[in-house]
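Read left to right, the sequence shown gives residues 29 to 174 (the working numbering).
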Amino acid sequence: MKILFLNGPNLNLLGQREPQVYGKTTLADIEAMVRKQATVRGATIDFRQTNLEGELVSWVQGAKGAFDVIVLNAAAYTHTSVALRDAVAATGVPTIEIHLSNIHAREEFRHKSLIAGVCFGQIAGFGAKSYLLGLEAAFNIIEFKK
Ligand code: CA2
Numbered sequence: 029m030k031i032l033f034l035n036g037p038n039l040n041l042l043g044q045r046e047p048q049v050y051g052k053t054t055l056a057d058i059e060a061m062v063r064k065q066a067t068v069r070g071a072t073i074d075f076r077q078t079n080l081e082g083e084l085v086s087w088v089q090g091a092k093g094a095f096d097v098i099v100l101n102a103a104a105y106t107h108t109s110v111a112l113r114d115a116v117a118a119t120g121v122p123t124i125e126i127h128l129s130n131i132h133a134r135e136e137f138r139h140k141s142l143i144a145g146v147c148f149g150q151i152a153g154f155g156a157k158s159y160l161l162g163l164e165a166a167f168n169i170i171e172f173k174k
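Quick look at the structure:
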């Protein structure tokens, strides 16, 4: 059971800037939390962050045959990247879209997700817990496919 967590631009700043919006937890804290829970449940995770759109696209492409599920916080590329949408659609690996904040309760430009239509589902608004809910959703998909 292998689950790939991908994080988009600026998420490396979590816990250091704008704590009123994104909380005080760092991305390293979130990774540790997810890793611990995944280990308990017998899964292996790979947890990555990049500020580069093309790198995210390449990672999504590379997941085919290597991972069972992708859990994706594409950050700002959620709202802008047709390339990422096409990569998610092409990879065939079930992908769960996650967000720390409730993108539907924020500025209008965040309400539209270009990737939502090609993802298995979306989790948004639970802060760092969105990652654990994403992990839970990944287990559900894997169970469902058995
Ligand atoms: O709520 C989420 O998880 C988002 O994906 C976060 C993105 C935002 O563009 C999406 O609309 C929703 C922003 C990530 C940037 O994170 C920062 C953390 C600290 C300081 C500045 C940015």
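Where is the CB? At the ideal position from N, CA and C, for every residue including glycine. Quantities reported herein were computed from a predicted structural model and do not represent experimental measurements.
Can you name, in chain order, every residue of its own chain whose Cβ lies under 8 Å from the Cβ of residue i, other than the five neighbours on each side?
{"i": "glutamine 89", "result": "Ala115, Ala118 and Thr119"}
If you drop the 5 nearest sequence neighbours on each side, which residues of the same chain put their C-beta closer than 7 Å to that of residue i?
{"i": "valine 121", "result": "Ala91, Lys92, Phe95, Val97 and Ile98"}
Suppose you measure from the CA of residue i to the CA of residue j; what does that come to, to the nearest Å?
{"i": "leucine 161", "j": "threonine 123", "result": "13 Å"}
{"i": "glutamate 136", "j": "tyrosine 105", "result": "15 Å"}
{"i": "histidine 175", "j": "threonine 54", "result": "Outside the shown range of the chain (29 to 174) lies residue 175, about which nothing can therefore be said."}
{"i": "methionine 61", "j": "serine 86", "result": "26 Å"}
{"i": "arginine 69", "j": "glutamate 164", "result": "10 Å"}
Can you give me the start and stop residues for the alpha helix (DSSP H) that residue i sits inside?
{"i": "alanine 115", "result": "110 to 119"}
{"i": "isoleucine 131", "result": "It is not in any alpha helix (DSSP H) - isoleucine 131 carries neither H nor E in the DSSP assignment."}
Give the DSSP-derived three-state secondary structure of residue i in the structure shown.
{"i": "glutamine 44", "result": "coil"}
{"i": "phenylalanine 33", "result": "strand"}
Looking only at its chain, what residues have a beta carbon closer than 6 Å to the beta carbon of residue i, apart from the 5 residues adjacent to it on each side?
{"i": "lysine 30", "result": "Thr72, Phe95 and Asp96"}
For residue i, which residues does DSSP report across the bridge?
{"i": "asparagine 101", "result": "Asn35"}
{"i": "threonine 72", "result": "Lys30"}
{"i": "glycine 149", "result": "Ile124"}
May I ask which residues mark the beginning and end of the beta strand (DSSP E) holding residue i?
{"i": "glutamate 125", "result": "123 to 127"}
With a threshold of 8 Å between beta carbons, is residue i in contact with chain C?
{"i": "lysine 52", "result": "The chain inventory of the structure shown lacks chain C, comprising one protein chain alone."}
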